[in-house]
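**Student:** Counting from 59, one number per residue, gives the positions in the sequence shown under the numbering used here.
Glycine included, every Cβ here is placed at the ideal spot set by N, Cα and C.
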Amino acid sequence: MKIKYFASASVMIMAISFATLVSCSDEDDYSIATGDVVTTVETGDAAVTAKSAITTGRVLDLTKQNSASYSIGVVYSTNPDPTTAGTKATGSIDSVGVVTTNLSALTKGITYYYATYVTLEGKVTKYGDVKSFVATDAKIATGGATGITATKATITAQTTGLDGIMVEGTTEMHYGFKISSSELNVQKGVDYPITATSNNISQVLTGLIPGMTYYYTSYFQLGDGLVYGDTKSFKAEKQNMEYVDLGLSVLWAKCNIGAEEEQETGVLVGYGDKTGLNRSEYIIDYSPTGDIFGTENDIVNAADIDGNAIMNSTMPTKAQMDELIAGTTQEAKTVNGVAGIVFKAKNGNSIFMPYTGYRNASIVNGAGTEGLYWTGSNYSIATDYNNTLKLSAGNATSG
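Printed below as a string of structure tokens:
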């Protein structure tokens, strides 16, 4: 029997708005054309030291525009409104619209205000929201990872040099960690914000992909500026996945990817995201538009769960989800305090799927009342949509 199991813990539903892009010419009304061409201008974070900063932002959508027709970057000033008389620093833009700008010759202890900008044909400029940071030489040290299992780990950090800014046990500070599958992109990774009155912080990570290497850094926040610690890494352990024979054409895993117990949610993942770390709401950041089961875009290929098994696990297809529903009886049940549905086969074996909810960007909705699980099958007509298994009120449907 071919080994198969249910790969993804649940589904992320994304609401995407589309805009028609038009080009500009010297005869255009720029107030109208800019609105059509540029749909988004966002000001992001700033990575700060005592004398410099690296800011990020986002501008959409310049992909069809000649690079000579626009300029992008950051305008900054010590004035709370830098858009009126601030200094413009030219930045660079990548293929998905992320704008990165380097600022130098800053003064320690000074508050700077900044905003992402885009100018078309040198005539019309649009700005993102104004944010601020403080140039500082305070530091945060990233600690090593402990308690590492196949799906969990604990990371720590400690700040120094916050005298005059923080009083231990009294002043509430904003800290956090960022996690990525890439060392180069760690500062753009998944954010785990922490509010604390101590200069020592920790974070328990769950829903990790077995066998995957994770990179992480710590930070503290002054205004909208972030001071980062060094980058460290750890590797999640391998997992010996347990499979259940339901008398169907394939075997099904007892747990979700990123889970070690049947009642655990595991990883809430976007379609085709092999890392479980993509939080984008922009469809441009998700590449697959077809079936992904058994392909390089199947998240199960990234999970070290098969060991020396002859057969390899994959995500289920829609047909296999339909078979699961038709070949079992479903009953609402609570396992170790977690609500979900039991799928019981004619041979007496069963699997439990929790009501995981679903994730929209970083917000989880519906946990405890519904569950959405990916298949690896794409809708043949509308390729921006993919087939799922939906659990709710003791019922299971696929589509």
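My output table needs one value for residue 161: the three-state DSSP class, helix, strand or coil.
**Tutor:** As a working mapping, residue 161 is identified with position 103 in the sequence shown. Residue state, collapsed to three classes: strand.
**Student:** What's the gap between the Cα of residue 141 and the Cα of residue 180?
**Tutor:** Within the sequence shown, numbered from 1, the residue matching residue 141 stands at position 83. Within the sequence shown, numbered from 1, the residue matching residue 180 stands at position 122. About 15 Å.
**Student:** What did DSSP end up calling residue 336 once you bin it into helix, strand or coil?
**Tutor:** By 1-based counting over the sequence shown, the position of residue 336 is 278. Reduced to three states, the DSSP call for residue 336 is coil.
**Student:** Drop a sphere of 10 angstroms on the beta-carbon of residue 369, count the other beta-carbons inside from all chains shown, and report buried for 16 or more, exposed for fewer.
**Tutor:** What you label residue 369 is simply residue 311 of the sequence shown in a count that begins at 1. Classification for residue 369: exposed.
**Student:** Using the Cα positions of residue 311 and residue 171, report the straight-line distance between them to the nearest angstrom.
**Tutor:** Within the sequence shown, the letter at position 253 stands for residue 311. Within the sequence shown, the letter at position 113 stands for residue 171. Distance between the alpha carbons of residue 311 and residue 171: 52 Å.
**Student:** Go to residue 123, then tell me how far its alpha helix (DSSP H) extends in each direction, as first and last residue.
**Tutor:** Reading the sequence shown from its first residue, position 65 is the one you call residue 123. Counting along the chain, residue 123 falls outside any alpha helix (DSSP H), and DSSP gives it neither H nor E.
**Student:** Taking C-alpha atoms, which residue in 432, 152 and 223 lies nearest to residue 257?
**Tutor:** Taking the sequence shown and counting its residues from 1, one reaches residue 257 at position 199. Considering only alpha carbons, the answer is 223.
**Student:** Could you tell me the alpha carbon to alpha carbon distance between residue 245 and residue 237, rounded to whole angstroms?
**Tutor:** For the purposes of this step, residue 245 is taken as residue 187 along the sequence shown, with counting starting at 1. For the purposes of this step, residue 237 is taken as residue 179 along the sequence shown, with counting starting at 1. Roughly 8 Å separates the two Cα atoms.
**Student:** Considering just the uninterrupted stretch of the alpha helix (DSSP H) at residue 381, what are its terminal residues?
**Tutor:** In the sequence shown, residue 381 corresponds to position 323, counting from 1. It spans 376-384 - the alpha helix (DSSP H) in which residue 381 sits, taken as one unbroken run.
**Student:** Since residue 169 contacts residue 114 with CB under 8 Å, what's their CB separation in whole angstroms?
**Tutor:** Reading the sequence shown from its first residue, position 111 is the one you call residue 169. Reading the sequence shown from its first residue, position 56 is the one you call residue 114. Not confirmed; about 19 Å, so no contact.
**Student:** State the Cα-Cα distance for the pair residue 301 and residue 365, rounded to the nearest angstrom.
**Tutor:** Counting from one through the sequence shown, the residue named residue 301 turns up at place 243. Counting from one through the sequence shown, the residue named residue 365 turns up at place 307. About 13 Å.
**Student:** Do you know how far the Cα of residue 283 is from the Cα of residue 177?
**Tutor:** As a working mapping, residue 177 is identified with position 119 in the sequence shown. As a working mapping, residue 283 is identified with position 225 in the sequence shown. Their backbone Cα atoms lie some 24 Å apart in a straight line.
**Student:** Helix, strand or coil, according to DSSP, for residue 151 in the structure here?
**Tutor:** Here residue 151 refers to the residue found at position 93 when the sequence shown is read from its first residue. Looking at residue 151 - three-state DSSP - the assignment turns out to be strand.
**Student:** Under 8 Å Cβ to Cβ from residue 187, same chain only, skipping five residues before and after it: list those, please.
**Tutor:** Here residue 187 refers to the residue found at position 129 of the sequence shown. Contacts found: 100, 101 and 173.
**Student:** Out of curiosity, what's the CA-to-CA distance linking residue 338 and residue 289?
**Tutor:** Mapped onto the sequence shown, residue 338 falls at position 280. Mapped onto the sequence shown, residue 289 falls at position 231. Rounded to whole angstroms, residue 338 to residue 289 spans 22 Å at the Cα level.
**Student:** Taking only the alpha-carbon atoms, compute the straight-line gap between residue 367 and residue 378 and give it to the nearest angstrom.
**Tutor:** Looking up residue 367 in the sequence shown gives position 309. Looking up residue 378 in the sequence shown gives position 320. Roughly 21 Å separates the two Cα atoms.
**Student:** Taking residue 129 as the reference, which of 150, 145 and 109 has the closest Cα?
**Tutor:** To locate residue 129, count along the sequence shown from 1; it is residue 71. Of the candidates 150, 145 and 109, the one whose C-alpha sits nearest the C-alpha of residue 129 is 150.
**Student:** Within a Cβ cutoff of 7 Å, which residues of the same chain sit near residue 325, ignoring the five residues on either side of it in sequence?
**Tutor:** Reading the sequence shown from its first residue, position 267 is the one you call residue 325. Same-chain partners within the cutoff: 67, 265, 267, 315, 316 and 334.
**Student:** Would residue 439 pass as a contact of residue 295 if the rule is Cβ separation under 9 Å?
**Tutor:** Residue mapping note: residue 439 aligns to position 381 of the sequence shown, counting from 1. Residue mapping note: residue 295 aligns to position 237 of the sequence shown, counting from 1. No, Cβ-Cβ distance for residue 439 and residue 295 is not below 9 Å.
**Student:** In three-state terms, what does DSSP make of residue 142?
**Tutor:** On the sequence shown, position 84 is the one that residue 142 refers to. The answer is helix: DSSP assigns residue 142 an H, G or I state.
**Student:** Measuring alpha carbon to alpha carbon, tell me which of 234, 190, 164 and 133 ends up nearest residue 175.
**Tutor:** Taking the first residue of the sequence shown as position 1, residue 175 is located at position 117. Answer by Cα proximity: 133.
**Student:** Rounded to whole angstroms, what's the CA-CA distance from residue 330 to residue 340? Just pull it up for me.
**Tutor:** Position 272 of the sequence shown, counting from 1, holds the residue named residue 330. Position 282 of the sequence shown, counting from 1, holds the residue named residue 340. One C-alpha to the other measures close to 14 Å.
**Student:** Any idea which residues DSSP pairs residue 234 with across the strands?
**Tutor:** Numbered from its first residue, the sequence shown carries residue 234 at position 176. For residue 234, which the question treats as bridged, DSSP gives the partners 251 and 277.
**Student:** Determine which residues share a DSSP beta bridge with residue 112 and list them.
**Tutor:** The residue labelled residue 112 in the question sits at position 54 within the sequence shown. Paired residue(s): 105 and 160.
**Student:** Leaving aside the five residues before and after residue 252 along the sequence, list all residues of the same chain whose C-beta is less than 7 Å from its C-beta, in chain order.
**Tutor:** By 1-based counting over the sequence shown, the position of residue 252 is 194. Same-chain partners within the cutoff: 233, 234, 259 and 261.
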